[in-house]
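Reviewing the structure listed below.
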C-alpha cells in the first residue's frame with residue numbers, strides 16, 4: 001500500500017529510484033505498473049515538447065532557427081539565411097518602385113528613369129533625349145540625336161500613362177503633358193501600385209517554392225528527423241508570411257498617401 005501511495009504521489013521520483021539498487025525485491029507486477037505510469041508521463045512530455053517546437057517555428061525569426069532545428073546540416077541545405085536576405089532585397093526593390101513610379105506630383109525628373117525598349121536593350125529615357133520642363137504641367141523631350149527612337153519613346157510613355165505629342169514644328173521633339181492630381185489620377189496610381197504588390201508577392205512565392213523544393217529533397221534523403229523536417233516547414237511558412245506582411249505594410253502606407261490627402265514623396 002505504501003508503495004502504491006508513493007507511486008501516485010511522485011511517479012518521477014519513484015522512477016528515478018528504480019535505477020538504484022535500494023529496491024531489488026519489488027514485485028514484478030508493481031514494477032510493470034510503475035513503468036507504465038512513468039512511460040505515459042514521458043510520452044506526454046514528448047508530445048508537449050513537439051507542440052512547443054512547432055509553435056516556436058511558426059513564430060520565431062530566421063535567426064532563431066538553430067534553436068528550433070537541431071540538425072545544422074539540414075539548416076544549411078535549406079539555406080534559410082539566403083531566403084531571408086533575398087526576401088529583404090525584394091522588399092527594398094518594391095519600396096524603390098513605389099517611390100520612383102507612384103508619385104502624385106510628377107516632374108521632369110521622373111521621365112528620365114522611364115525605360116525604353118531599343119534594338120540594344122532597355123535604356124532610360126534620359127540617355128536618349130534631352131528632357132526639360134517647359135511649364136508647370138508640360139515637359140519637352142528633344143530626340144534630335146536619336147530620331148529613330150521616337151516611336152519607342154512614345155510607346156514607353158504610353159505604358160506609363162503619358163501622352164507624348166509631336167510638336168508641329170519639329171517631329172524630333174515630343175511634348176508631354178504632366179497629369180494633374182485628380183481623383184482619377186490617384187486611383188490610376190493606386191491600381192499600378194497593387195499590380196507592383198502582386199508581382200512582388202509572386203517573386204517572394206518563387207523564393208519560398210525553391211526552399212520548399214530543397215526541403216522535400218532533404219526529406220527524400222531519409223536521415224533527418226521528422227521533428228526537424230516539420231519544424232523547417234513551419235519556419236518556411238512563417239518566413240513567407242513575414243515577407244508578405246512587410247510588403248503589405250509598405251503598400252498600405254503608400255496607398256494611404258495616394259488615395260488620402262497627404263503630400264507625396
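In UniProt numbering, the protein residues as written are 1 to 265.
By construction, the Cβ of each residue, glycine as well, lies at the ideal position given by its N, Cα and C atoms.
Span separating the alpha-carbon of residue i from that of residue j
i           : j           : result
residue 145 : residue 109 : 20 Å
residue 213 : residue 196 : 26 Å
residue 251 : residue 193 : 8 Å
residue 54  : residue 230 : At residue 54 the pLDDT is 47, less than 50, meaning the model places this residue with poor confidence and gives no usable figure here.
residue 105 : residue 199 : 24 Å
residue 188 : residue 160 : 10 Å
residue 255 : residue 202 : 19 Å
residue 223 : residue 71  : 10 Å
residue 36  : residue 225 : The predicted model places residue 36 with a pLDDT of 49, which falls under 50 and marks its position as unreliable, so this point remains unresolved.
residue 149 : residue 163 : 16 Å
residue 124 : residue 132 : 15 Å
residue 94  : residue 135 : 31 Å
residue 237 : residue 82  : 15 Å
residue 260 : residue 103 : 13 Å
residue 120 : residue 205 : 32 Å
Residue i, enclosing beta strand (DSSP E) - first and last residue
i           : result
residue 134 : 130–135
residue 124 : 121–124
residue 249 : From DSSP, residue 249 is part of no beta strand (DSSP E) but of the alpha helix (DSSP H) over 226–259.
residue 142 : 138–142
residue 116 : 115–118
8 Å contact criterion, which residue i and residue j should meet: CB distance rounded
i           : j           : result
residue 78  : residue 211 : 6 Å
residue 190 : residue 247 : Contact flag wrong, Cβ pair sits at about 15 Å.
residue 147 : residue 172 : 5 Å
residue 100 : residue 113 : 6 Å
residue 235 : residue 80  : 6 Å
Extent of the continuous alpha helix (DSSP H) run through residue i
i           : result
residue 84  : 80–101
residue 197 : 183–221
residue 157 : 150–159
residue 110 : 108–112
Beta-carbon spacing of residue i, residue j below 9 Å
i           : j           : result
residue 158 : residue 118 : no
residue 69  : residue 228 : yes
residue 115 : residue 156 : yes
residue 239 : residue 107 : no
residue 207 : residue 233 : no
residue 143 : residue 111 : no
| Can at least three beta-carbon pairs, one atom from the region 78–94 and one from the region 243–261, be found at a separation below 8 Å? | yes
| request: Evaluate the contact criterion for the region 139–154 versus the region 169–184: three or more CB pairs, one atom per stretch, below 8 Å. | output: yes
| query | Does the pairing of the region 215–227 with the region 126–137 give three or more beta-carbon distances under 8 Å? | reply | no
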